[in-house]
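Peer 1: Pasting a structure below so you can have a look.
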Amino acid sequence: MFCSQCGKEIKEYARFCPFCGQAVNIPAADRDMGAPASREGQAKAHDDLTKGLSQAPSDDQDDNDRTVRLKKPLSSAADSPPSPNESGQSQMPFTPGFQDPEQYSNKKKRDTARRIHENMDNTNQFNPEPPKKSNVLPITLTILIAILLIFLAIMTGMFIVGSGGFTEAMHVIQKDGFTGIVDVITGHYDGQALSEGEDGDLDSNDSESESQSRLAKKEGEPEMEDQAEDTPAEEAAPAGDVADSDDPSRGSVSFGKDEKPPYTGPKTPVDINVRQVDNTSFPKITFYANVTDKQGNSIQNLKESDFNVQEIEGDGSLVDIDVEKIYQVMDKGRVNVNMVMDKSGSMDGYRMENAKNAAVTFLDKIKERDKVEIISFDDYVYLEQNFTENITLAANAIYNMVPNGSTALYDALYSGIYDTYYQDGAKCVIGFTDGIENASSHTFNEVVALSQETGIPVFIIGVGEAYDSSILRDMANECSGEYYSVEESDMEDIMEDIYSTIYREQQDYYVFEYTSPKETDVQSERTIVLKTSESSEFTGEYRKPFVPQADMTNGFSSDYASVDYMIPDSSSRAITEADLARFSLAQLRIARNEIFARHGRQFNDSYLNKWFYSKQWYLEIPTKYAPDYFDKNQPNRLSKLETANVNFILEYEKNRMANSDIFPNADSVQLSDYDVALSKDVLKLAMTQMERLNHTSILMENMQKVQNIIDTPDVTY
Numbered sequence: 006m007f008c009s010q011c012g013k014e015i016k017e018y019a020r021f022c023p024f025c026g027q028a029v030n031i032p033a034a035d036r037d038m039g040a041p042a043s044r045e046g047q048a049k050a051h052d053d054l055t056k057g058l059s060q061a062p063s064d065d066q067d068d069n070d071r072t073v074r075l076k077k078p079l080s081s082a083a084d085s086p087p088s089p090n091e092s093g094q095s096q097m098p099f100t101p102g103f104q105d106p107e108q109y110s111n112k113k114k115r116d117t118a119r120r121i122h123e124n125m126d127n128t129n130q131f132n133p134e135p136p137k138k139s140n141v142l143p144i145t146l147t148i149l150i151a152i153l154l155i156f157l158a159i160m161t162g163m164f165i166v167g168s169g170g171f172t173e174a175m176h177v178i179q180k181d182g183f184t185g186i187v188d189v190i191t192g193h194y195d196g197q198a199l200s201e202g203e204d205g206d207l208d209s210n211d212s213e214s215e216s217q218s219r220l221a222k223k224e225g226e227p228e229m230e231d232q233a234e235d236t237p238a239e240e241a242a243p244a245g246d247v248a249d250s251d252d253p254s255r256g257s258v259s260f261g262k263d264e265k266p267p268y269t270g271p272k273t274p275v276d277i278n279v280r281q282v283d284n285t286s287f288p289k290i291t292f293y294a295n296v297t298d299k300q301g302n303s304i305q306n307l308k309e310s311d312f313n314v315q316e317i318e319g320d321g322s323l324v325d326i327d328v329e330k331i332y333q334v335m336d337k338g339r340v341n342v343n344m345v346m347d348k349s350g351s352m353d354g355y356r357m358e359n360a361k362n363a364a365v366t367f368l369d370k371i372k373e374r375d376k377v378e379i380i381s382f383d384d385y386v387y388l389e390q391n392f393t394e395n396i397t398l399a400a401n402a403i404y405n406m407v408p409n410g411s412t413a414l415y416d417a418l419y420s421g422i423y424d425t426y427y428q429d430g431a432k433c434v435i436g437f438t439d440g441i442e443n444a445s446s447h448t449f450n451e452v453v454a455l456s457q458e459t460g461i462p463v464f465i466i467g468v469g470e471a472y473d474s475s476i477l478r479d480m481a482n483e484c485s486g487e488y489y490s491v492e493e494s495d496m497e498d499i500m501e502d503i504y505s506t507i508y509r510e511q512q513d514y515y516v517f518e519y520t521s522p523k524e525t526d527v528q529s530e531r532t533i534v535l536k537t538s539e540s541s542e543f544t545g546e547y548r549k550p551f552v553p554q555a556d557m558t559n560g561f562s563s564d565y566a567s568v569d570y571m572i573p574d575s576s577s578r579a580i581t582e583a584d585l586a587r588f589s590l591a592q593l594r595i596a597r598n599e600i601f602a603r604h605g606r607q608f609n610d611s612y613l614n615k616w617f618y619s620k621q622w623y624l625e626i627p628t629k630y631a632p633d634y635f636d637k638n639q640p641n642r643l644s645k646l647e648t649a650n651v652n653f654i655l656e657y658e659k660n661r662m663a664n665s666d667i668f669p670n671a672d673s674v675q676l677s678d679y680d681v682a683l684s685k686d687v688l689k690l691a692m693t694q695m696e697r698l699n700h701t702s703i704l705m706e707n708m709q710k711v712q713n714i715i716d717t718p719d720v721t722y
């Protein structure tokens, strides 16, 4: 049998040509007898059947047009599809999808015909399905539902995307059909097919071609390379970014693989707190933040796309930050805890025992890679155990402490911050005291300043009722920490719980690493702005001031503040003039007194104490002595060589002052803190010399600086 359209041979009893898709008419008599149809019968049936197919869409029409086509109701026998019946009228089998040919393109007819042809059995016998009766009512309901859905899609699209909603909604519907309708209604095209402006509205400047470009991008189709320069900012930014250049507070951060579209549901408020900013490797900045709900519970498993980071420079400009890494300390980081413990005389007895037990119990919870340091204080500061992962060493250091003396809390906290600064990872200082500060060289403001410059938080625990709670609370708050009060009755349990709470918070920190875009102006204060992003289900913001570089010189010249000793071997060899010629008067004074400091002598002069408390070798001296006590027993502590070296340096200082002014350029050069780190007798002589200089504004400032030091009371022990 041959096709009347294309002339190619086809199998007998085939209903459609597998090559051109044309219907083949078989006379009823031939079909009933199982005989092949005659050429005349085929032609007649073909003409009758294809009358309704003449208007079918051609192959060059848009194959992607998925708009629902309305079916003609079967209102009469003439309009009904032919079926095999008693009259012998020719009919193709009634199967789903064939009752109205106007719904399909010729391509689909050819595919269906080919499948029918391939499914014929070897005997070429085709058994059509029993005829199915059409039902006008379900078809009508389907049409009404389709119209209703289209209407809802259009209205919803206009509501979602503003004035351009109708066009955008129709693009979505034409592209994805019924699926597109559902997606538009449910808003699943946010950040993908729809272009969002500042408030999530469709950009009124978008053209139809730009909308099509976004739809093509959603389908995974490559965009034209030459369109990159013309792409609006919100299209160029990766999904999950904020690209509104008109509002700097909504700056974008690109996080690569962790992109998410904007979160459109109700957001949960959270509390964000940036506890620490590590500037030890500036311009590389690492800062640590905890994120908690309103009940104080840590929010876990936040991703890069949940945050935006900005930096406010010293001149007030706002810069978007490209964060390089975000992770939690518990996953990759390390915690360094400096435990500063009061062992003054008032801690004797059960207080000391409870404090020791609480600290040692806490040590059992320290993870393997984390470190702890133990500093104690009474009149002086002692480094009981430097930073270690060996918990046994730390516990032994705690148990060996013996209460005695007064309370040098500020010196101890200052030393704790200083000693913690160069550790790698999250850092904190936790100090406790039961008394009022009465023996420190450092001041309240100096402790706060060092904490703020280094970014290390200080947590303070007050024990009992003898301390000034307002001072401790203010210090903890200004040092980005917390203040806790403990009653004596349940001191051990509560202190252990406080230690553990602070440590867990450190573990929960989110760590942010980035390179500051402005490497100059390292002295001006800057501010980190950390906020949740538009793609996050949470909302919160925190601003943390910081300085790019910390001043770790203790007020002394940076060219020698980092050295351990002025003269490292002054206790083992005789000093010569060549050793001293390179030193200033302030340096000579330190060189002379470090011979005493090696034996644990304390100093009434605050500058000397600050200098030596910044040296680990001095903190590690197990026993320290008050100045008066040490001086009375001096012959038993210094060797003859050491005594000779002390006297040699002292004579050299006197000769220097006798032959030149102490501050010869004080009328034109600003004096630094280390320039005036001299004894009060020497400073009084310097004031007399400065009176003879030109009375410039610089001289007046220098004289006031010297006079302030002379008027400062000496530290008493």
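Going by this note's numbering, the first residue of the sequence shown is number 6, and it counts up by one from there. Here a beta-carbon is modelled for each residue, glycine too, at the ideal position from N, C-alpha and C.
(1) Could you pull the start and end residues of the alpha helix (DSSP H) that I476 belongs to?
(2) Given a threshold of 16 other Cβ atoms within 10 Å of its Cβ, counted over all protein chains shown, does M5 qualify as buried or as exposed?
(3) Grab me the residues of G460's own chain with a C-beta within less than 7 Å of its C-beta, minus the 5 sequence neighbours each way, in chain order.
(4) Is DSSP giving E358 helix, strand or coil here?
(5) To which residues does DSSP link T393 through a beta bridge?
(6) Tell me which residues share the same chain as E378 and place their Cβ nearer than 6 Å to its Cβ, disregarding the 5 neighbours each side in the sequence.
(7) Helix, strand or coil, according to DSSP, for A431 in the structure here?
(8) Helix, strand or coil for V452 per DSSP?
(9) Is the beta carbon of R603 closer than 8 Å to that of S576?
(10) Report the rounded CA-to-CA distance for A402 versus E358, giving the unit in angstroms.
(11) Considering only residues of the stretch 320-356, which uninterrupted alpha helix (DSSP H) runs meet the minimum length of 4 residues and lie entirely inside it, listed in chain order?
(12) Would you tell me roughly how many angstroms separate the C-alpha atoms of Y514 and G430, rounded to the nearest one?
(13) Could you check which residue in I715, L676, F668, Q675 has the C-alpha nearest to that of R697?
(14) Can you give me the Cβ contacts of I441 inside the same chain, cut-off strictly under 6 Å, excluding the 5 residues immediately before and after it?
(15) Taking the alpha-carbon positions, what's the E483 to F287 distance?
(16) Alpha carbon to alpha carbon, how far is Y634 from G605?
(17) May I ask which residues mark the beginning and end of the beta strand (DSSP E) holding A555?
(18) Are the beta-carbon atoms belonging to G545 and V328 less than 8 Å from one another?
(19) With H, G and I counted as helix, E and B as strand and the rest as coil, what does DSSP make of N650?
(20) Where K265 and Y293 are concerned, what is the direct C-alpha to C-alpha distance, given to the nearest angstrom?
(21) In three-state terms, what does DSSP make of D283?
(22) Compare the Cα-Cα distances from M335 to each of Q305, E309, K348, I326 and report the closest residue.
(23) At which residues does the alpha helix (DSSP H) containing V687 begin and terminate?
(24) Cutting at 6 Å between CB atoms, please list the residues of its own chain near T297, excluding the five before and the five after it.
(25) Tell me whether Y404 is buried or exposed, calling it buried when 16 or more other Cβ atoms sit within 10 Å of its Cβ.
(26) Grab the span of the beta strand (DSSP E) containing Q315 for me, first residue to last.
(27) Hey, P632 and N614: beta-carbon distance below 8 Å or not?
(28) What does DSSP give as the partner residue(s) for G467 in the beta ladder?
(29) Name the residue from Q709, T291, E647 whose alpha carbon lies nearest to the alpha carbon of V671.
(30) Between the alpha carbons of S589 and S677, how many angstroms are there, rounded?
(31) What's the C-alpha gap between A363 and E493?
(32) For W622, I'd like the list of residues in its chain whose CB is within less than 7 Å of its CB, leaving aside the five on either flank, ordered along the chain.
(33) Along the chain, where does the alpha helix (DSSP H) containing V711 start, and where does it finish?
(34) If we ignore side chains and look at the alpha-carbon of each, how far apart do A586 and I600 end up?
(35) What is the residue span of the alpha helix (DSSP H) that R594 lies within?
(36) Across the stretch 491-511 and the stretch 405-422, are there enough close Cβ pairs to call them in contact, namely three or more that are closer than 8 Å?
Peer 2: Quick look at the numbers:
(1) 474-483
(2) Since the first and last residues shown for the chain are 6 and 722, residue 5 lies out of range.
(3) Q281, V282, D283, N284, F551
(4) helix
(5) V377
(6) N343, N391, F392
(7) strand
(8) helix
(9) yes
(10) 14 Å
(11) 334-337
(12) 11 Å
(13) F668
(14) Y472, D473
(15) 23 Å
(16) 11 Å
(17) Here A555 belongs to no beta strand (DSSP E), and DSSP marks it neither H nor E.
(18) no
(19) helix
(20) 23 Å
(21) strand
(22) Q305
(23) 685-695
(24) D276, S303
(25) exposed
(26) 312-317
(27) no
(28) T438, S490
(29) Contrary to the premise, residue 671 reads as Ala rather than Val in this sequence. Per the Cα distances, Q709.
(30) 13 Å
(31) 13 Å
(32) D569
(33) 702-716
(34) 18 Å
(35) 590-602
(36) no
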